[in-house]
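So the structure is just underneath, and the comments pick up after that.
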Amino acid sequence: MFSRYDVFSLKTRLLTMLEQITCPADLRRLSYDQLNSLSSDIRQFIVDTVEENGGHLGSNLGVVELTIALHRVFDSPRDILLWDTGHQAYVHKMLTGRLGDFKTLRKGGGLSGYPSRSESDHDWIENSHASTALSYAFGIATAQESDIGEGRRVIAVIGDGALTGGMAFEGLNNLGHSGSNAIIILNDNGRSYAPTVSLLSDSLKKLRNNPKYLEQQEKIESKVKSLLPSREVLGLSVERAIDAAKAAVREIWDPTSFFEDLGIRYNGPFDGHNIEGLEKALRNASGFEGPTVIHVLTEKGRGYGPAENDPIKRLHDIGAPKPGSYTAAFTEILIKEAENHPELVAITAAMPDSTGLLPFSERFPDRFFDVGIAEQHATTAAAGMAMGGLRPVIAVYATFLNRAFDQVSFDVALHEQPVIFCIDRAGITGPDGASHHGLLDMMLLTKVPGMTMFAPSSYQELQQMFSDALKITSGPVAIRYPRTPAPSVPETEVGSGLNARMVSEGDDICILSVGKMLETAISVSEVLQQQGRSVSVWDVRAVSPLDSKMIAAAHNHSLVVTLEDGIVEGGIGSSIANHLRDLNGPAPTIITKGVPVSFVDQGNPEDLLSELGLDCAGIVKTILEADL
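Rendered as structure tokens:
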């Protein structure tokens, strides 16, 4: 659809056109032809922005017309628009007065890649984790319908992928039971990060992929309109008649009537790229009492060839596992070990590509399980697999594993099951902001009884740790690693088992470093040695249990400094400090460096670490200011 023959001219035209839209009300003066032209220009603007700043491409390209229709029918922020996951909120931001800020998208201090309450009254929830919007919708609708409510309309947009999450079903159940006046927009593109997995998605797919169904729906609509008086005469009677007729056809194709069995009115499916048709559907839904689902068919990545032709995730986002990354190291060792361990299986919660499991799924399709956006289910299912003699590996982002902490503790660890958790995007991750930093994993998982936890500092260390994890059968094992490139080291710089590794030996200061912080620790030691200080550096490697020999060696120094890229309170440094104080003799001065208990904003990871005092300069300053 897009060409690059005259980028400058095109961008100039885009800005001229888009700058006319300063608020949603500006959309209501445009004709449908103008809106279609605007849709094309919005897509080009998104492509240009994401190519420069990164971010979620495919999902935003798919909701252009839907977002326009929503803002023409409803009066945001008076009417409350809720975006599940928030991946698709770029168009919403552009239409609510934030176009000029897009040059700062996902940058430090700039426009968030997700809805943000601090940015605009049009953003009600800062939602970047899937499957929560329907619970928000139930809660907000309940408040609006209460004695102190203002009667605002509540509209929740949720994707078919997010609808696979257990929390979404809980929200649907409550909405249907309560009869709350909420409109649910089911944005059905058949994909989350990967093709959507669930029986409900299969049912939706029957409707989405059957041209006869849509053709029949269109014929019915045309026929009913020809038989009934105008809408102006009978109000909503035409639309209601059309709905009834369509429902009859729908029952033939989808006899289970999933939503209606829950007490939720179903309407659709509708063409998600037809603004006029969408507006009619939305206005019709506004006239109903109780919860209503508007099933909208969209194309993820629409209008952009590279996205439309991406068979995996329609260019959901920009960026995938890169050669030399920790994720690539995991992929490589997983396949290697799977060749020799037929009992090894891999599980993902709808993210086979980003977590590095796609090559495994292609090599061992019968040993790969995508459970949809369902981290809790994935964890307990893994416990069951382990009970049956399999060796399950769950690949998951650190931030998303937070959802399954109960299951990790009481379904896996309590039963002493040897599930391996490979935790990607641990620590400060960067442009996705507060909800995506993996800062809680070490603090939480090291408190789980029987949990063994590793933090690799190199490509080779991760692979060694995974092989060692397979030898541990008495309980769960976690390996946490960052998004950043993985250093490649010689065999002599690779540890083994649960042992820490001494990198350098000194007399005065001992730096105990966790995971990726080793590079910084070495830089700090070099600066201090240039100033005449004698410094030991250790790679902690196993953060649970801690190596007693490392603790004993650290105790012989006057100053011990711990470095970690997770929450410092209750973290690994705190555990090390407790062990040091338990030893006989005077305890050394202890400095624990990590991330404070806070929501860390978006930005370049190295810049964020610097702001937190976790770069070389900040750590050296802290050490030199210590009372030695």
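All residue numbers for the sequence shown refer to the working numbering, where the first residue is 2 and numbers rise by one. Glycine included, every Cβ here is placed at the ideal spot set by N, Cα and C.
Check, Outcome
"DSSP three-state assignment for Arg232, whether helix, strand or coil", "Since pLDDT at Arg232 reaches only 45, below the 50 mark, its modelled position is unreliable, and the value read off the structure follows with that caveat. If DSSP states are grouped into helix, strand and coil, Arg232 belongs with the helices."
"Whole beta strand (DSSP E) elements within the segment 560-612, 3-residue minimum", "560-568 and 590-596"
"Beta strand (DSSP E) segment containing Phe411, residue limits", "Counting along the chain, Phe411 falls outside any beta strand (DSSP E), and DSSP gives it neither H nor E."
"Chain-order list of residues whose beta-carbon lies under 6 Å from that of Arg392 (same chain, five-residue window excluded)", "Glu344 and Leu345"
"Contact set for Arg251: own chain, Cβ-Cβ below 7 Å, skip 5 residues either direction", "With a pLDDT of 49 at Arg251, under the threshold of 50, the modelled position of that residue is not reliable, and the figure given next carries that caveat. Nothing listed; no residue qualifies."
"Host beta strand (DSSP E) of Leu164 (start-end)", "No beta strand (DSSP E) contains Leu164, which DSSP labels as neither H nor E."
"Beta-carbon proximity check, Lys517 vs Pro491, cutoff 7 Å", "no"
"Beta bridge counterpart(s) of Ile421 as assigned by DSSP", "Val394 and Val478"
"Three-state secondary structure assigned by DSSP to Phe401", "helix"
"Touch test, the segment 17-37 against the segment 68-75, Cβ-Cβ under 8 Å, three pairs minimum", "yes"
"Beta-carbon contacts of Gln530 that lie in its chain and below 7 Å, excluding the five residues immediately before and after", "Val536"
"Span separating the alpha-carbon of Val297 from that of Ile336", "39 Å"
"Anticipated Cβ contact below 8 Å, Val155 with Ala134, distance rounded", "Incorrect: roughly 10 Å between the Cβ atoms, too far for contact."
"For Ala183: DSSP bridge partner residues", "Val155"
"Rounded C-alpha distance that separates Ser132 from Glu626", "47 Å"
"The segment 501-510 / the segment 438-451 touching (three or more Cβ pairs under 8 Å)", "no"
"Ala138 vs Leu83 beta-carbon contact at 7 Å", "yes"
"Top-ranked residue by Cα proximity to Ala387, from Ala553, Asp412 and Glu363", "Asp412"
"Paired residues, beta bridge with Cys511 - DSSP", "Ser537 and Val561"
"For Asp189, the residue or residues it bridges with in DSSP", "Leu298"
"For Asn128, three-class secondary structure by DSSP", "coil"
"Environment of Asp469 [buried if 16+ CB atoms lie within 10 Å]", "buried"
"Contact under 7 Å by Cβ, Phe370 with Ile348", "yes"
"Ile429 versus Thr400, Thr623 and Ser575, residue with shortest Cα-Cα distance", "Thr400"
"Boundaries of the beta strand (DSSP E) in which Phe331 is found, first to last residue", "Phe331 -> not in any beta strand (DSSP E); alpha helix (DSSP H) instead, spanning Tyr327 to Asn341."
"Residues sharing a beta bridge with Asp371, DSSP", "Thr349"
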